[in-house]
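Worksheet for the structure shown next.
Numbering (this note's numbering), first residue to last: 10 to 424.
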C-alpha cells in the first residue's frame, strides 16, 4: 500500500471524525499568556462552524488520530471489520497541523478523537502527547477538546484533563442492553466509572483553585458525552431518562444526540434506515427543557406518546406537554411564579425574566406580552393578561391548529 502524505491523511481522518457530534467548545474560560507569547488565546465558546454568543464563528480542527480500531462496534464506520480506507497520524503531525492551521487563522482550537490502536493505553498516550506538546512545547492557548477512552489507565485520562479544556467520554447508546448487543467490547460500568472519576477530578481542582491561585487547571469546560439515536430499540423516553441521569450523577456540561446514519457494509443487526432528523432535534429540545426550563425528566417523558414512548415529530416537546396537560393553563402573566411561566409554549427564559421584571411596575396587557416574546400567537391560548382571557379550548384537536406551524414550514426545517 502506498504511503499517504499528511494531506491525504487529513482528508480521510477529518471525514471519519464527522460522526462525532460532541465537539463543543462552550463553557471554557480564556487562557491568558503570562509572558505574552502564547498562541491561540481565545474565549473558546462554540462548536465547529457555529457562532459564539458575541457573533464570532468558532472553528475547530476536528480529526481522528486514526480510523483504525481493534473494536468491532456494529454502528461504527471505523470498526475493525469495516471496509474503509485507513490512515493514521503521528502525534507530531497533529501538532504541526494544529499550529499551521492556527497561524493561517483557519481555526481557534482542536477536537481530537481516535480509534483504538494497539491498546487503549497506547492510544490514550498518543492523544495526551498531542495536547502536552501543544501546551508545553508550543505554548498553545487555544481550545483543546479530547475524546478520552474509558478503558485506559485512569492516570492517562487524568493527564488529558490537565491539558484539555473539555473532555468527552461517550456512553454511545442509551441502554445497557443496546450497548451489550451493538458494542460487546465496551462496558457501561467502565464508562460510568471513568465519568465519575473525571467529575471528582474536576470538582477537586475547582475547589483547589478557589483557595490557591497556583493550583493547576483541569478540564475547565467540563465533560460531555454523546448518545447514538435510532441504532437500537431505545425510545425517546429511555433517552431522556438516561440523559437526566448522566447530568445528575456526573455533572455533565452537555449530552449530545447523534441520529444513527446507515454506513457502508452495515451489520445485519442495524436498522436499514436512519431515524428522522427531526427526532434528534426534538431530543435536543427536550434536553433544553431540562437544563433551562426546570422540567423534570418525568414531565418531558409525559409529553411522549403513551404507547410508543416517542416524542411527537410535528410539534416541540414543550407544546406537546402543554396540550397534554391543558388543565394547567391558562397562566396569569401578572401573578404566576417563574416555574409556571416557563411552561407556557412560546415563552423563553429571557421573555419570562422580562415579564417578571415588567409586572413589578404595571399590570401587563396582551400587547405588552407581544413586545416581550417572538410569537404572541403561540402564547395567547395559554395565558391570561390584564385585557385578555382565552376562549375555552380543552380539546387538543381544537387547539393544536392555532399554535403549530404550517406543514410546509416543518418540512422545510426537517430538510
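We put the CB at the ideal spot given by N, CA and C, even for glycine.
None of the values given here were measured: they were computed from a predicted structure.
Exercise. Per DSSP, residue 263 forms a beta bridge with which residues?
Worked result: Your numbering for residue 263 matches position 254 in the chain shown. 233, per the DSSP bridge assignment.
Exercise. If you follow the beta strand (DSSP E) that residue 154 is part of, which residue opens it and which one closes it?
Worked result: Along the chain shown, one-based indexing puts residue 154 at 145. Segment 152–156, the beta strand (DSSP E) holding residue 154.
Problem set entry | Contacts around residue 100, its chain only, beta-carbon distance under 7 Å, and the 5 residues preceding and following it disregarded | Residue numbering aside, residue 100 sits at position 91 when the chain shown is read from its first letter. Hits under 7 Å: 135, 138, 139, 142.
Exercise. What do you get for residue 263, buried or exposed, if any count of 16 or more other CB atoms within 10 angstroms of its CB means buried?
Worked result: Here residue 263 refers to the residue found at position 254 when the chain shown is read from its first residue. Result: buried.
Problem set entry | Rounded straight-line distance, which links the Cα of residue 87 to that of residue 78 | Stepping through the chain shown from its first residue, residue 78 is reached at position 69. Stepping through the chain shown from its first residue, residue 87 is reached at position 78. When rounded, the distance between both Cα atoms is 7 Å.
Problem set entry | For residue 128 and residue 156, believed in contact at Cβ under 8 Å, the rounded distance | The residue you call residue 156 lines up with position 147 of the chain shown. The residue you call residue 128 lines up with position 119 of the chain shown. Wrong, their Cβ atoms sit about 16 Å apart, outside the cutoff.
Problem set entry | Cβ neighbours of residue 130 in the same chain (closer than 7 Å, five flanking residues each side left out) | The count along the chain shown starts at 1 and reaches residue 130 at position 121. Only 161, 162, 165 meet the Cβ criterion.
Problem set entry | Length of the line joining the Cα atoms of residue 210 and residue 175 | Numbered from its first residue, the chain shown carries residue 210 at position 201. Numbered from its first residue, the chain shown carries residue 175 at position 166. Going from the Cα of residue 210 to the Cα of residue 175 covers about 13 Å.
Problem set entry | Distance, residue 234 Cα to residue 294 Cα | Here the question's residue 294 lines up with position 285 in the chain shown. Here the question's residue 234 lines up with position 225 in the chain shown. So the two alpha carbons sit approximately 17 Å from each other.
For this session: May I have the straight-line CA-CA distance separating residue 33 from residue 375, to the nearest angstrom?
Result: As a first step, residue 33 must be located in the chain shown, where it is residue number 24. As a first step, residue 375 must be located in the chain shown, where it is residue number 366. A caution first: residue 33 carries a pLDDT of 49, below 50, which makes its placement in the model unreliable, though a value can still be read off. Computed Cα separation, rounded: 39 Å.
Problem set entry | Euclidean distance between Cα positions of residue 189 and residue 196 | Position 180 of the chain shown, counting from 1, holds the residue named residue 189. Position 187 of the chain shown, counting from 1, holds the residue named residue 196. Rounded to whole angstroms, residue 189 to residue 196 spans 8 Å at the Cα level.
Problem set entry | Alpha-carbon to alpha-carbon, residue 199 and residue 17 | Residue 17 sits at position 8 when you count from the first residue of the chain shown. Residue 199 sits at position 190 when you count from the first residue of the chain shown. Taking the straight line from one Cα to the other gives about 35 Å.
Problem set entry | Which listed residue (203, 181, 186) has its alpha carbon closest to that of residue 169 | As a first step, residue 169 is located in the chain shown; it is residue number 160 there, counting from the start. Considering only alpha carbons, the answer is 203.
Exercise. Where in the segment 124–208 do unbroken runs of the beta strand (DSSP E), each at least 3 residues long, occur, reported from the N-terminal end onward?
Worked result: 152–156, 175–177
Exercise. Assuming residue 133 contacts residue 158 under a Cβ cut-off of 8 Å, what Cβ separation, rounded to an integer in Å, is found between them?
Worked result: Mapped onto the chain shown, residue 133 falls at position 124. Mapped onto the chain shown, residue 158 falls at position 149. Confirmed, about 5 Å.
Exercise. How is residue 341 classed by DSSP in three states: helix, strand or coil?
Worked result: On the chain shown, residue 341 is found 332 positions in, with the first residue counted as 1. It is a strand residue.
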